[in-house]
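Q:
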């Protein structure tokens with residue numbers, strides 16, 4: 001297998017298509033922010049549920065305040081939360097608070113600012129027409145009306161309306177469950193001293209946080225030596241719990257390529273994709289679970305994630321797609337022929353500069369970057385000032 | 001207190017200034033994504049820590065492969081994770097894997113693709129110059145060098161480099177801790193049947209999710225009746241645990257304004273801000289904790305949050321500021337004089353349309369909106385096609 005980035009991306013998209021049809025799950029409304037609504041949500045009731053006052057003031061029959069000033073007797077008080085007023089407004093006024101039910105016979109609200117109270121009588125300085133400051137039942141939503149459409153990424157404003165109609169739980173698309181396995185006899189977890197020849201494992205945490213940043217749920221992060229039996233055991237654990245497994249390392253031309261050795265006999269396709277960094281790639285479907293095998297250099301792993309996994313995960317999670325921009329580059333550069341290059345760049349004042357060499361071990365340079373500069377396989381030289389395609393990290 | 005949006009925003013900014021200087025806290029690197037790094041992080045070690053191979057192949061003395069093809073004896077093998085090779089390369093070749101330490105005497109790597117092995121000898125088809133495919137110690141980072149600067153919002157690529165140098169925990173700015181108290185005798189939690197005159201509380205969950213979406217940690221969400229004693233108890237609980245308290249309701253002109261009645265005697269400033277929705281507003285500093293009092297209508301609450309709280313919370317959390325856009329509006333509209341209007345709008349094809357009436361109880365319309373249309377207090381009419389200022393929700 002030797003393929004272009006576009007061909008490999010096509011193969012990955014095909015293999016990960018199940019992520020777009022994950023089953024729904026029910027979550028409490030309080031935890032639903034950022035989740036994708038699985039089905040249209042219709043209102044179970046009218047909003048407002050009952051005719052109520054938009055202002056603090058007096059509920060009146062508009063006819064009785066046609067000529068002002070006029071003084072009416074106060075027949076009662078109705079506060080928000082009250083079941084209603086026993087008083088029937090008929091040539092009288094009922095003191096009313098915002099949100100309180102409007103008494104029978106009233107059809108307008110006179111705001112408190114336009115009134116003067118003396119004993120049990122109120123003088124009204126300005127009349128109001130029928131319906132003024134009255135919120136009719138169902139004037140916002142009628143029961144059965146669509147409140148939030150399936151496929152909506154739920155934000156606070158959607159959660160507000162669902163809470164307002166008494167919804168406690170919502171049906172949302174399950175997040176893609178992802179498992180990570182890093183491989184390499186040289187890897188040591190943070191907190192342990194390094195022996196000669198060893199390095200700290202950074203791919204596990206980098207992939208886990210990248211997955212979470214793009215809407216996936218990380219079910220496990222494991223580390224394997226170059227021992228096939230150990231890797232196979234960790235792989236089986238991952239396959240049992242995940243919709244997607246990502247491995248790092250063990251895919252190239254060496255003598256101890258544990259990922260390739262394990263997955264190739266299971267039908268895995270391993271080979272070179274015409275890109276730099278990130279050339280060696282593997283793709284395997286095991287028990288209907290896709291396994292993406294990225295190379296082990298830290299920059300290769302992160303770039304592979306951005307190029308192949310990120311777009312599909314964001315789509316599955318309903319997150320907005322990352323859109324490429326075209327920006328002028330600050331300096332001349334050369335690119336390896338026949339390889340699509342993803343250089344680390346930084347955008348300042350609408351221009352992009354290169355922040356790191358092309359080496360796939362230059363992880364510190366990756367931290368300084370805010371974009372990947374995407375140079376086509378045909379590109380060999382670029383002059384300062386030329387527009388290049390960049391992807392935000 | 002009657003003030004403009006700008007004046008009130010200025011007062012809120014002054015009162016919330018402590019949020020920009022919250023103390024640091026230490027979190028595991030695994031939980032650091034999206035957090036603001038509190039201090040410059042210098043590398044404790046070189047990266048790479050030791051001179052290693054960039055390729056699977058053979059470590060040689062470049063001088064011995066100057067003229068090719070050449071056949072060398074294989075003096076040993078060094079894999080990634082090995083402490084090194086005991087063999088000294090001197091006219092021989094050592095089989096080497098990517099990431100493995102380079103043996104003494106070797107100064108170039110010949111990729112395996114350019115070699116043919118027979119028994120214990122390797123024939124090399126193409127020579128390499130000194131340093132080719134050799135990663136020198138410290139070529140990415142030297143111990144003591146800046147890895148990630150204070151004030152960086154940590155993403156996967158920063159976490160990757162910190163993991164690569166063995167960092168286990170990082171010092172990050174503490175998130176603003178916020179407490180929410182909604183008020184109103186008419187409010188009922190979801191899951192309970194509604195009696196006449198009652199409505200479901202939506203402001204608690206709407207404020208909580210809005211706070212979290214903008215980098216705050218929500219320490220409590222409470223609901224108070226219009227009883228001053230109950231509200232005061234809930235307020236004291238909130239003040240004990242939070243950097244910021246947000247209340248909803250109880251701030252306007254009615255007879256049962258529990259928030260105003262409690263906080264005004266403590267020095268709170270309550271009055272009308274020239275905006276719609278969201279006019280009645282309160283601001284109080286209690287025990288050095290700022291209390292923002294928003295009006296209780298669901299749309300007023302959400303708009304108040306967007307206008308007054310969101311910009312400051314995002315700044316405190318290091319999140320990018322929300323930037324206004326200017327877009328043409330699809331229809332003629334009128335605006336109340338002397339009130340800055342925030343209408344609910346929806347952007348389609350680069351134009352903004354209005355999705356809801358101006359009423360502050362129209363929470364379903366808020367859910368359909370993706371922007372707030374910001375009309376100045378001086379604006380009374382706008383013609384279709386005019387550019388208006390919009391803020392993304």
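Chains as they are written, first to last, in the UniProt record's numbering: chain Z, 1 to 393; chain Y, 1 to 393.
For glycine and all other residues, C-beta sits at the position ideal for the given N, C-alpha and C.
Please read all numbers here as calculations on a predicted model, not as lab measurements.
#1: Could you check what DSSP says for residue 7(Y) in three-state terms: helix, strand or coil?
#2: For a contact defined as C-beta to C-beta under 9 angstroms, what are the partners of residue 304(Z) on chain Y?
#3: Output, in chain order, the set of chain Z residues within a Cβ distance shorter than 9 angstroms of residue 47(Y).
#4: Would you identify the three-state DSSP class for residue 387(Z), choosing helix, strand or coil?
#5: Give me the residue from 174(Z), 191(Z), 197(Z) and 78(Z) with the minimum Cα distance to residue 185(Z).
#6: When DSSP labels each residue in this structure, what does residue 371(Y) get in the three-state scheme?
#7: Is residue 57(Z) helix, strand or coil by DSSP?
#8: How would you label residue 360(Z), buried or exposed, when you count the other beta carbons within 10 angstroms and need 16 or more for buried?
#9: When you compare only the Cα positions, how much space is there between residue 158(Y) and residue 145(Y)?
#10: Answer yes or no: do residue 274(Y) and residue 12(Y) have a C-beta to C-beta separation smaller than 8 angstroms?
#11: Among residues of its own chain, excluding the 5 on either side of residue 88(Y), which ones have a beta-carbon nearer than 6 angstroms to its beta-carbon?
#12: Grab the span of the beta strand (DSSP E) containing residue 245(Y) for me, first residue to last.
#13: Does the Cβ of residue 297(Z) have 16 or more other Cβ atoms within 10 Å, making it buried, or fewer, making it exposed?
#14: Does the Cβ-Cβ distance between residue 302(Y) and residue 49(Z) come in under 8 angstroms?
#15: By DSSP's criteria, residue 345(Y) is part of a beta bridge. Which residues make up the other side?
#16: Taking the C-alpha atoms as reference points, what is the distance between residue 179(Y) and residue 151(Y)?
#17: Check whether the Cβ atoms of residue 390(Z) and residue 345(Z) sit closer than 8 angstroms, and answer yes or no.
#18: Which residues in chain Y have a C-beta closer than 9 angstroms to the C-beta of residue 213(Z)? List them in chain order.
#19: Return the residue from the list 392(Z), 215(Z) and 183(Z) that minimises the CA-CA distance to residue 295(Z).
#20: Output the residue ranges of the beta strand (DSSP E) runs that lie fully inside the UniProt domain "MoaB/Mog" (179-315) of chain Y and measure 3 residues or longer, sorted by chain position.
#21: Helix, strand or coil, according to DSSP, for residue 126(Y) in the structure here?
#22: Could you check which residue in 238(Z), 300(Z) and 126(Z) has the C-alpha nearest to that of residue 72(Z)?
#23: Please compile the residues from chain Z whose C-beta is within a distance smaller than 9 angstroms of the C-beta of residue 101(Y).
#24: Residues of chain Y with CB under 7 angstroms from residue 209(Z), in chain order?
#25: Exposed or buried, what is residue 287(Y) when buried is set at 16 or more other beta-carbons lying within 10 Å of its beta-carbon?
#26: Residue 164(Z) touches chain Y at which residues, Cβ-Cβ below 7 angstroms?
#27: If you run the structure through DSSP and keep just helix, strand and coil, what is residue 132(Z)?
#28: Should residue 192(Z) be labelled buried (16 or more other beta-carbon atoms within 10 Å of its own) or exposed?
#29: Alpha carbon to alpha carbon, how far is residue 271(Y) from residue 30(Y)? Give it in angstroms, no decimals.
#30: Apply the 10 Å Cβ neighbour rule to residue 376(Z) and answer buried if 16 or more other Cβ atoms are within range, or exposed otherwise.
#31: Candidates 385(Y), 213(Y), 190(Y) and 113(Y): which alpha carbon is nearest residue 329(Y)'s?
#32: Report the residue from 222(Z), 229(Z), 114(Z) and 128(Z) whose alpha carbon sits nearest the alpha carbon of residue 62(Z).
#33: For chain Z, find out if any of its Cβ atoms is closer than 8 angstroms to the Cβ of residue 148(Y); answer yes or no.
#34: Among all the DSSP beta bridges, which residues are the ones paired with residue 101(Y)?
#35: Taking beta-carbon pairs under 7 angstroms, can you tell me which members of the segment 3-35 of chain Z lie near chain Y?
#36: How about residue 141(Z): is its C-beta nearer than 8 angstroms to some C-beta of chain Y?
A: According to the structure data:
#1: Taking the second chain and counting its residues from 1, the one referred to as residue 7(Y) is at position 7. The three-state reading of DSSP puts residue 7(Y) in helix, counting H, G and I together.
#2: Position 304 of the first chain, counted from the first residue, corresponds to residue 304(Z). Under the 9 angstroms cutoff, chain Y gives no residues; its nearest Cβ is about 13 angstroms from residue 304(Z).
#3: Your numbering for residue 47(Y) matches position 47 in the second chain. For the C-beta of residue 47(Y), the chain Z residues within less than 9 angstroms are, from N- to C-terminus, 199, 361, 362, 363 and 364.
#4: As a first step, residue 387(Z) must be located in the first chain, where it is residue number 387. Secondary structure of residue 387(Z) (DSSP, three-state): strand.
#5: Within the first chain, the letter at position 185 stands for residue 185(Z). Selected option, being the one with the closest Cα: 197(Z).
#6: Against the second chain, residue 371(Y) aligns to sequence position 371. If DSSP states are grouped into helix, strand and coil, residue 371(Y) belongs with the strands.
#7: Looking up residue 57(Z) in the first chain gives position 57. Strand at residue 57(Z).
#8: For this step, residue 360(Z) is matched to residue 360 along the first chain. It is buried - the Cβ of residue 360(Z) has at least 16 other Cβ atoms within 10 Å.
#9: Residue numbering aside, residue 158(Y) sits at position 158 when the second chain is read from its first letter. Residue numbering aside, residue 145(Y) sits at position 145 when the second chain is read from its first letter. Their backbone Cα atoms lie some 14 angstroms apart in a straight line.
#10: The residue you call residue 274(Y) lines up with position 274 of the second chain. The residue you call residue 12(Y) lines up with position 12 of the second chain. If you check the CB distance, residue 274(Y) and residue 12(Y) do not come in under 8 angstroms.
#11: For the purposes of this step, residue 88(Y) is identified with residue 88 of the second chain, where counting begins at 1. Answer for residue 88(Y): 104 and 105, listed in chain order.
#12: The count along the second chain starts at 1 and reaches residue 245(Y) at position 245. Taken as a continuous stretch (DSSP letters only), the beta strand (DSSP E) holding residue 245(Y) covers 244-248.
#13: Indexing the first chain from 1 puts residue 297(Z) at position 297. For residue 297(Z), the number of other beta carbons within 10 angstroms of its own is at least 16, and it is reported as buried.
#14: Locating residue 302(Y) in the second chain gives position 302, where the first residue counts as 1. Locating residue 49(Z) in the first chain gives position 49, where the first residue counts as 1. With respect to the 8 angstroms criterion, residue 302(Y) and residue 49(Z) are not classified as neighbours on the basis of their beta carbons.
#15: Here residue 345(Y) is taken as the residue at index 345 of the second chain, counted from 1. In the DSSP assignment, residue 345(Y) is bridged to 354(Y) and 371(Y).
#16: Translated into positions along the second chain, residue 179(Y) becomes position 179. Translated into positions along the second chain, residue 151(Y) becomes position 151. The straight-line gap from Cα to Cα measures roughly 25 angstroms.
#17: The residue you call residue 390(Z) lines up with position 390 of the first chain. The residue you call residue 345(Z) lines up with position 345 of the first chain. Yes, the Cβ-Cβ distance between residue 390(Z) and residue 345(Z) is below 8 angstroms.
#18: In the first chain, residue 213(Z) corresponds to position 213, counting from 1. 33, 34, 155 and 156, listed in chain order.
#19: For this step, residue 295(Z) is matched to residue 295 along the first chain. The candidate whose alpha carbon is nearest that of residue 295(Z) is 183(Z).
#20: For the UniProt domain "MoaB/Mog" (179-315) of chain Y, whole beta strand (DSSP E) runs of length 3 or above, ordered along the chain, are 217-224, 244-248, 269-273, 280-286 and 289-294.
#21: By one-based count along the second chain, residue 126(Y) stands at place 126. In the structure shown, residue 126(Y) adopts coil according to DSSP, grouped into three states.
#22: In the first chain, counting from the first residue as 1, residue 72(Z) sits at position 72. The option with the nearest alpha carbon to residue 72(Z) is 126(Z).
#23: Taking the first residue of the second chain as 1, we reach residue 101(Y) at position 101. Per Cβ cutoff of 9 angstroms: 196 and 197.
#24: Walking along the first chain from the start, residue 209(Z) turns up at place 209. The answer, in chain order, is 33, 156 and 159.
#25: For the purposes of this step, residue 287(Y) is identified with residue 287 of the second chain, where counting begins at 1. It is exposed - the Cβ of residue 287(Y) has fewer than 16 other Cβ atoms within 10 Å.
#26: Mapped onto the first chain, residue 164(Z) falls at position 164. In chain order: 200, 202, 298 and 363.
#27: To locate residue 132(Z), count along the first chain from 1; it is residue 132. The three-state reading of DSSP puts residue 132(Z) in coil, since its state is none of H, G, I, E or B.
#28: As a working note, residue 192(Z) is residue 192 in the first chain. So residue 192(Z) counts as exposed.
#29: For the purposes of this step, residue 30(Y) is taken as residue 30 along the second chain, with counting starting at 1. For the purposes of this step, residue 271(Y) is taken as residue 271 along the second chain, with counting starting at 1. Their Cα atoms are separated by approximately 46 angstroms.
#30: In the first chain, residue 376(Z) corresponds to position 376, counting from 1. That one is exposed.
#31: Taking the second chain and counting its residues from 1, the one referred to as residue 329(Y) is at position 329. Of the candidates 385(Y), 213(Y), 190(Y) and 113(Y), the residue whose Cα lies closest to the Cα of residue 329(Y) is 385(Y).
#32: Counted from its first residue, the first chain places residue 62(Z) at position 62. Checked all of 222(Z), 229(Z), 114(Z) and 128(Z); the closest Cα to residue 62(Z) is 128(Z).
#33: Within the second chain, residue 148(Y) is the residue found at index 148, counting from 1. Closer than 8 angstroms: yes.
#34: Here the question's residue 101(Y) lines up with position 101 in the second chain. Answer is 52(Y).
#35: Near chain Y, meaning a CB-to-CB distance below 7 angstroms, the residues of the segment 3-35 of chain Z are 29, 30 and 33.
#36: Position 141 of the first chain, counted from the start, is the residue given in the question as residue 141(Z). Chain Y contact via Cβ: present.
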